[in-house]
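*Asks:* Order-wise, the sequence lines are chains A and B. Position one of the first sequence corresponds to residue 1185 (my numbering), numbered consecutively onward. Position one of the second sequence corresponds to residue 1185 (my numbering), numbered consecutively onward. Ideal Cβ positions, reconstructed from N, Cα and C, are used throughout, including at glycine.
Protein chains: 2
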Amino acid sequence: MTDRTLKVGLLGCGTVGGGVVRLLSHNADQLTARIGAKLQIQRVLVRRPDAPRPEECRASWITTDPEAVLADPAIDLVVEVMGGEQPAKGYLERAMLAGKGVVSANKLLLAKHGPALLETAAQQSVDLAFEAAVGGGIPVIRTLREALTGDSVVSVHAILNGTCNYILTRMRSEGASFESILADAQKLGYAEADPSTDVDGHDAAHKLVVLSMLAFGAAVDVSRVHVEGIREVDDVDFRFAERFDFNIKHLAIGRRQGEALELRVHPAMVPTSSVLANINDVLNGVYLQGRALGPCLLVGRGAGELPTAVSVVSDLVDVARARLANVSGWTTRQIQPVPRRLVALDELDTRYYLRFDVADDPGVLGHIASALGSRGVSVEQMVQDGRAVTRDQAVPILIISHRCREGSVRAAINAVAGASFLKRPPRLMRIEDI
Amino acid sequence: MTDRTLKVGLLGCGTVGGGVVRLLSHNADQLTARIGAKLQIQRVLVRRPDAPRPEECRASWITTDPEAVLADPAIDLVVEVMGGEQPAKGYLERAMLAGKGVVSANKLLLAKHGPALLETAAQQSVDLAFEAAVGGGIPVIRTLREALTGDSVVSVHAILNGTCNYILTRMRSEGASFESILADAQKLGYAEADPSTDVDGHDAAHKLVVLSMLAFGAAVDVSRVHVEGIREVDDVDFRFAERFDFNIKHLAIGRRQGEALELRVHPAMVPTSSVLANINDVLNGVYLQGRALGPCLLVGRGAGELPTAVSVVSDLVDVARARLANVSGWTTRQIQPVPRRLVALDELDTRYYLRFDVADDPGVLGHIASALGSRGVSVEQMVQDGRAVTRDQAVPILIISHRCREGSVRAAINAVAGASFLKRPPRLMRIEDI
Chain A
1185 MTDRTLKVGL
1195 LGCGTVGGGV
1205 VRLLSHNADQ
1215 LTARIGAKLQ
1225 IQRVLVRRPD
1235 APRPEECRAS
1245 WITTDPEAVL
1255 ADPAIDLVVE
1265 VMGGEQPAKG
1275 YLERAMLAGK
1285 GVVSANKLLL
1295 AKHGPALLET
1305 AAQQSVDLAF
1315 EAAVGGGIPV
1325 IRTLREALTG
1335 DSVVSVHAIL
1345 NGTCNYILTR
1355 MRSEGASFES
1365 ILADAQKLGY
1375 AEADPSTDVD
1385 GHDAAHKLVV
1395 LSMLAFGAAV
1405 DVSRVHVEGI
1415 REVDDVDFRF
1425 AERFDFNIKH
1435 LAIGRRQGEA
1445 LELRVHPAMV
1455 PTSSVLANIN
1465 DVLNGVYLQG
1475 RALGPCLLVG
1485 RGAGELPTAV
1495 SVVSDLVDVA
1505 RARLANVSGW
1515 TTRQIQPVPR
1525 RLVALDELDT
1535 RYYLRFDVAD
1545 DPGVLGHIAS
1555 ALGSRGVSVE
1565 QMVQDGRAVT
1575 RDQAVPILII
1585 SHRCREGSVR
1595 AAINAVAGAS
1605 FLKRPPRLMR
1615 IEDI
Chain B
1185 MTDRTLKVGL
1195 LGCGTVGGGV
1205 VRLLSHNADQ
1215 LTARIGAKLQ
1225 IQRVLVRRPD
1235 APRPEECRAS
1245 WITTDPEAVL
1255 ADPAIDLVVE
1265 VMGGEQPAKG
1275 YLERAMLAGK
1285 GVVSANKLLL
1295 AKHGPALLET
1305 AAQQSVDLAF
1315 EAAVGGGIPV
1325 IRTLREALTG
1335 DSVVSVHAIL
1345 NGTCNYILTR
1355 MRSEGASFES
1365 ILADAQKLGY
1375 AEADPSTDVD
1385 GHDAAHKLVV
1395 LSMLAFGAAV
1405 DVSRVHVEGI
1415 REVDDVDFRF
1425 AERFDFNIKH
1435 LAIGRRQGEA
1445 LELRVHPAMV
1455 PTSSVLANIN
1465 DVLNGVYLQG
1475 RALGPCLLVG
1485 RGAGELPTAV
1495 SVVSDLVDVA
1505 RARLANVSGW
1515 TTRQIQPVPR
1525 RLVALDELDT
1535 RYYLRFDVAD
1545 DPGVLGHIAS
1555 ALGSRGVSVE
1565 QMVQDGRAVT
1575 RDQAVPILII
1585 SHRCREGSVR
1595 AAINAVAGAS
1605 FLKRPPRLMR
1615 IEDI
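1) With 9 Å as the threshold, decide whether the Cβ of E1315 (chain B) is near any Cβ in chain A.
2) Give me whichever residues DSSP pairs with N1211 (chain A) in a beta bridge.
3) If we call anything under 9 Å between Cβ atoms a contact, is V1228 (chain A) one with G1203 (chain A)?
4) Have a look at A:G1320, A:Q1307 and A:H1297 and flag the residue whose alpha-carbon is nearest the alpha-carbon of G1484 (chain A).
5) Give the residues of chain A in contact with A1326 (chain B), contact being defined as C-beta atoms less than 8 Å apart.
6) Opposite S1339 (chain B) in the DSSP bridges: which residues?
7) Can you tell me which of A:F1540, A:N1598, A:V1340 and A:R1188 puts its alpha carbon nearest to the alpha carbon of F1605 (chain A)?
8) L1194 (chain B) by DSSP, collapsed to three states: which one?
9) From which residue to which residue does the beta strand (DSSP E) around Y1374 (chain A) run?
10) Which chain A residues are close to L1207 (chain B), counting only those with a beta carbon under 8 Å from its beta carbon?
11) With a CB to CB cut of under 7 Å and the five nearest residues on each side skipped, what residues in its chain are close to R1475 (chain B)?
12) If distances are taken between C-alpha atoms only, which option among B:L1398, B:I1414, B:G1401 and B:A1389 comes closest to R1408 (chain B)?
13) Between the region 1336-1355 of chain B and the region 1493-1507 of chain A, do three or more beta carbon pairs fall short of 8 Å?
14) Output, in chain order, the set of chain A residues within a Cβ distance shorter than 8 Å of Q1167 (chain B).
15) Can you pull the chain B residues whose beta carbon is under 9 Å from the beta carbon of N1211 (chain A), in chain order?
16) Would you please verify whether the beta carbon of R1485 (chain A) is less than 9 Å from any beta carbon of chain B?
17) Given a cut-off of 9 Å, decide if I1437 (chain A) and P1451 (chain A) are closer than it, judged by their beta-carbon atoms.
18) In the DSSP assignment, find the unbroken alpha helix (DSSP H) run with V1494 (chain B) in it and report its ends.
19) Grab me the residues of L1332 (chain B)'s own chain with a C-beta within less than 7 Å of its C-beta, minus the 5 sequence neighbours each way, in chain order.
20) Taking only the alpha-carbon atoms, compute the straight-line gap between K1371 (chain B) and E1363 (chain B) and give it to the nearest angstrom.
21) Counting contacts by CB-CB distance shorter than 9 Å, is C1197 (chain A) in contact with chain D?
22) If we count the other Cβ atoms within 10 Å of its Cβ and call it buried at 16 or more, is M1185 (chain A) buried or exposed?
23) Which of the three DSSP states, helix, strand or coil, is assigned to M1185 (chain A)?
24) Among A:E1264, A:G1488 and A:E1240, which has the Cα closest to the Cα of N1290 (chain A)?
25) Where do the N-terminal and C-terminal ends of the beta strand (DSSP E) with I1351 (chain B) fall, by residue?
26) Tell me whether the beta-carbon of L1623 (chain B) lies closer than 9 Å to the beta-carbon of P1379 (chain B).
27) Helix or strand or just coil, what does DSSP make of I1225 (chain A)?
28) Under three-state DSSP, which class holds M1397 (chain A)?
29) At least one CB of chain A closer than 9 Å to the CB of D1465 (chain B): is that the case?
30) Between which two residues does the beta strand (DSSP E) containing H1450 (chain B) stretch?
31) Taking 8 Å as the limit between beta carbons, can you name the residues of its chain near L1526 (chain B), skipping five residues before and five after?
32) Under DSSP, the beta strand (DSSP E) around L1620 (chain A) begins and ends at which residues?
33) Taking the beta strand (DSSP E) that R1535 (chain B) belongs to, which residues open and close that run?
34) Over what stretch of residues does the beta strand (DSSP E) that includes V1579 (chain B) continue unbroken?
35) Helix, strand or coil for N1431 (chain B) per DSSP?
36) Starting from the beta carbon of W1514 (chain A), find every residue of chain B whose beta carbon is closer than 8 Å, and list them in chain order.
What follows is the structure, given as structure tokens:
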């Protein structure tokens, strides 16, 4: 059996691609035993043939011609680690149409075109695997696909963006502002020069859409997901969060509501005793609730050369084994996401943290309390903190609500939004009791 | 393809077995789609045919005759959820010799006879799957077997016994003694009438041996694993632990040391900021360190009808799919544990927490410090707590050592063991800096 060789074409050889080359080389014997055939890299498509590569990457593999990978019938398996929407999408489609099994680490591509790519895979009876697209080295796709196969997922609460988690962790521990920590994170290489994809929440939203295909069988247009980033998180909110025993985390949340689905990405208050509250720095975490399984938390490195490459290689092994067993496409065909209705934000039912920075005038507290009360928003805790007066003489009024409809809370906020006593727009943050 | 049916025989129908019956019934369509064939229960072997069963369990399935399962050629897959060493072992062997695929949730059996059973499976080209044997619903076996296939595991630190974790969690939060919490846990059903398998650490040791087959490819006689339970954990140690920012957890630890292996089960001090420190109550947690992957934490319910049944069903799906694809035995054959040398306890190199309860006499502190110092044990922190005097007028001296050989620490303890100033035997606890 071990005389057989499966040939691999790599599309891209950046950070993750380099890791894949290294793992395939260093663990060759172990992989051969596990698969029952050798995995051998045949071609590596790159844009810049002169860029530095890991020493395990042979010069003879390097090509700048996509045809050298896509049109070579000897290549059985294609690994796409180039990122971006095009030409990656076209390459993957051509590879599948040529009957090749494919592995992709491309969250953007999967989020935007996952259902169509899965359909192509099903039609061609080839496998499309993408563990590395979400949570780097965390085996979350595998867990959803395999471990929970006899169960159904009720909800997902996940920390999916390492940059956001790193910035929030430092804002909390250092009491510093978003801007100052971001600048430092950029210097240290934890944030991109253009950080918007990460800090505005789009990266997490893409990953949530990919998770939702597996967890809820849902095909969702990413533009329909409610997304908030962390730019608006104020360092004072960390201080107030601590007073109420909360931490602030940037969460991607999915939850079944009958046939509909709640999908949202935003900063949230979580109890400090929650399992997600203590996942810090660049770590990612996915907290699943299964109907039968109950809670299940997976934590690990969400990015980085080797952790992500471990996931790519585990996918390669699966796809290779299915190919040898002549059952290519079996696994992939089970993922058949269908469109789902999304729950409107106003329909959300949770607790809320509200901050009103106001002038210290008589009647202000009553005004705010009435606006909430008259819309059915019941107050669980209210603190007016006279010691926390800001430079512009604003006094913060902090409110923790009982569970209520978000529409009611927003109506109350709108009702006071024009009031002259407001020093700045009111701040709302959802509380996730996990 | 969905005209095909795979017939399942259940050995045992207690808590987990009942959960399997229910999941197979409730998720039948989903499982059929996933497998490409129906899973149909054919026979359920029980000891007491009149005992209550879930309503999904048909009366016609029930039998007290093992031959009705083992000798029926129509049965493709056998699920062993009866527990215990015999007759479970004989039944599983017979099922495999008859060419049936088998799934077991039996940690005792796997720990004692895993290598032999895996060999039988390999010879017969059938699959033997056992996700449910460790960590209930946590997909740890799958993660080790599949997700880490391109990597190697450096170490495992795990909370594997829910009863121990529950008792320690309550001892800490209530400041109560082991005996009082155990008695209450027995009343509440969180501890068995005879709790020794759990609280003396044997259950965790069995699970560690099973994990080690996958994580380190090691075949280990469970009697060679160093095992300590939690009976000796004193409630005062929680108070002292807090002072040094530690929590006390009952850990099962495995670590590669070259070709040798560290395997041990004992209470340990872990930093309160550690991911394991905050896994409480009956939850289990497995913290893996992969060479390439880095850290990976899996947390969930380690026991219970449905969580464990989810794992059994996920195994059933794998074994069924492999059978339909004519690749039975492929996955199982990759697990080929071989004997490994175990590192002697004296060779351990870590930090230690020591407690000496002594008479408040001059010279005592010097005596203890000299005993440690002369054996190369360097003290990081030492506290003599005059306020914590016990009823017998003992004053605790608490020591946190720097990293050192355990043999040296034990030699120092032995050197003072006979001293008249000692009010009771010195207490040693390992510190795990994870």
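*Replies:* Well, looking at it:
1) What you label residue 1315 (chain B) is simply residue 131 of the second sequence in a count that begins at 1. Closer than 9 Å: yes.
2) Numbered from its first residue, the first sequence carries residue 1211 (chain A) at position 27. In DSSP, N1211 (chain A) forms no bridge with anything.
3) For the purposes of this step, residue 1228 (chain A) is taken as the residue at position 44 of the first sequence. For the purposes of this step, residue 1203 (chain A) is taken as the residue at position 19 of the first sequence. No, they are not a contact pair.
4) Taking the first sequence and counting its residues from 1, one reaches residue 1484 (chain A) at position 300. If we check each option's Cα against that of G1484 (chain A), A:G1320 comes out closest.
5) As a position in the second sequence, residue 1326 (chain B) is number 142, starting the count at 1. Residue 1326 (chain B) is actually Arg in this sequence, not Ala. Chain A residues near R1326 (chain B): P1323, R1326, T1327, E1330 and A1331.
6) Looking up residue 1339 (chain B) in the second sequence gives position 155. Paired residue(s): B:R1439 and B:Q1473.
7) The residue given as residue 1605 (chain A) occupies position 421 in the first sequence. With distances taken between Cα atoms, F1605 (chain A) lies closest to A:F1540.
8) The residue given as residue 1194 (chain B) occupies position 10 in the second sequence. In this structure, L1194 (chain B) counts as strand in the three-state DSSP scheme.
9) In the first sequence, the residue the question calls residue 1374 (chain A) occupies position 190. Careful: Y1374 (chain A) lies outside any beta strand (DSSP E) and carries neither H nor E.
10) Taking the second sequence and counting its residues from 1, the one referred to as residue 1207 (chain B) is at position 23. Ordered by position in chain A, the residues that pass the 8 Å Cβ test against L1207 (chain B) are G1334, D1335 and A1476.
11) As a working mapping, residue 1475 (chain B) is identified with position 291 in the second sequence. Contacts found: D1335, S1336 and V1338.
12) Residue 1408 (chain B) sits at position 224 when you count from the first residue of the second sequence. Comparing Cα-Cα distances from R1408 (chain B) to each of B:L1398, B:I1414, B:G1401 and B:A1389, the minimum goes to B:A1389.
13) no
14) Because chain B is modelled from 1185 through 1618, residue 1167 (chain B) falls outside the range shown and cannot be assessed.
15) Here residue 1211 (chain A) corresponds to residue number 27 of the first sequence, with the count starting at 1. Simply T1333, G1334, D1335, S1336 and A1476.
16) The residue given as residue 1485 (chain A) occupies position 301 in the first sequence. Judged by the 9 Å Cβ criterion, R1485 (chain A) is in contact with chain B.
17) As a working mapping, residue 1451 (chain A) is identified with position 267 in the first sequence. As a working mapping, residue 1437 (chain A) is identified with position 253 in the first sequence. No, the pair does not count as a contact, with Cβ atoms beyond the cut-off.
18) Working through the second sequence from its first residue, we reach residue 1494 (chain B) at position 310. From DSSP, the alpha helix (DSSP H) with V1494 (chain B) extends over E1489 to L1508.
19) For this step, residue 1332 (chain B) is matched to residue 148 along the second sequence. The answer, listed in chain order, is G1474 and L1477.
20) Taking the second sequence and counting its residues from 1, the one referred to as residue 1371 (chain B) is at position 187. Taking the second sequence and counting its residues from 1, the one referred to as residue 1363 (chain B) is at position 179. Going by the C-alpha atoms only, they are around 13 Å apart.
21) Within the model displayed, chain D is absent; protein chains A and B are what it includes.
22) Walking along the first sequence from the start, residue 1185 (chain A) turns up at place 1. Caution applies to M1185 (chain A), whose pLDDT of 46 falls short of 50 and renders its modelled position unreliable; the value that the coordinates give is listed next. Per the 10 Å Cβ criterion, exposed.
23) As a first step, residue 1185 (chain A) must be located in the first sequence, where it is residue number 1. With a pLDDT of only 46 at M1185 (chain A), under the threshold of 50, the placement of this residue in the model should not be trusted; the figure read from the coordinates follows. Note: M1185 (chain A) maps to coil in three-state DSSP.
24) Locating residue 1290 (chain A) in the first sequence gives position 106, where the first residue counts as 1. Closest by alpha carbon: A:E1264.
25) On the second sequence, position 167 is the one that residue 1351 (chain B) refers to. Careful: I1351 (chain B) lies outside any beta strand (DSSP E), inside the alpha helix (DSSP H) at G1346 to E1358.
26) What the structure shows of chain B is the stretch from 1185 to 1618, and residue 1623 (chain B) is not part of that stretch, so it cannot be assessed.
27) Within the first sequence, the letter at position 41 stands for residue 1225 (chain A). It is a strand residue.
28) By 1-based counting over the first sequence, the position of residue 1397 (chain A) is 213. Residue state, collapsed to three classes: helix.
29) Residue mapping note: residue 1465 (chain B) aligns to position 281 of the second sequence, counting from 1. Output row for D1465 (chain B): interface = no.
30) By 1-based counting over the second sequence, the position of residue 1450 (chain B) is 266. Where H1450 (chain B) is concerned, the enclosing beta strand (DSSP E) stretches over A1444 to P1455.
31) By 1-based counting over the second sequence, the position of residue 1526 (chain B) is 342. So the qualifying residues of the chain are V1404, R1408, V1409, A1444, L1445, E1446 and L1447.
32) Because residue 1620 (chain A) is not part of the residues shown, which for chain A are 1185 to 1618, the question remains open.
33) Stepping through the second sequence from its first residue, residue 1535 (chain B) is reached at position 351. Per DSSP, R1535 (chain B) belongs to the beta strand (DSSP E) from D1533 to V1542.
34) Taking the first residue of the second sequence as 1, we reach residue 1579 (chain B) at position 395. Taken as a continuous stretch (DSSP letters only), the beta strand (DSSP E) holding V1579 (chain B) covers V1579 to S1585.
35) Residue mapping note: residue 1431 (chain B) aligns to position 247 of the second sequence, counting from 1. Three-state DSSP puts N1431 (chain B) in a strand.
36) Taking the first residue of the first sequence as position 1, residue 1514 (chain A) is located at position 330. Those are G1220, R1505 and A1509, listed as they occur along chain B.
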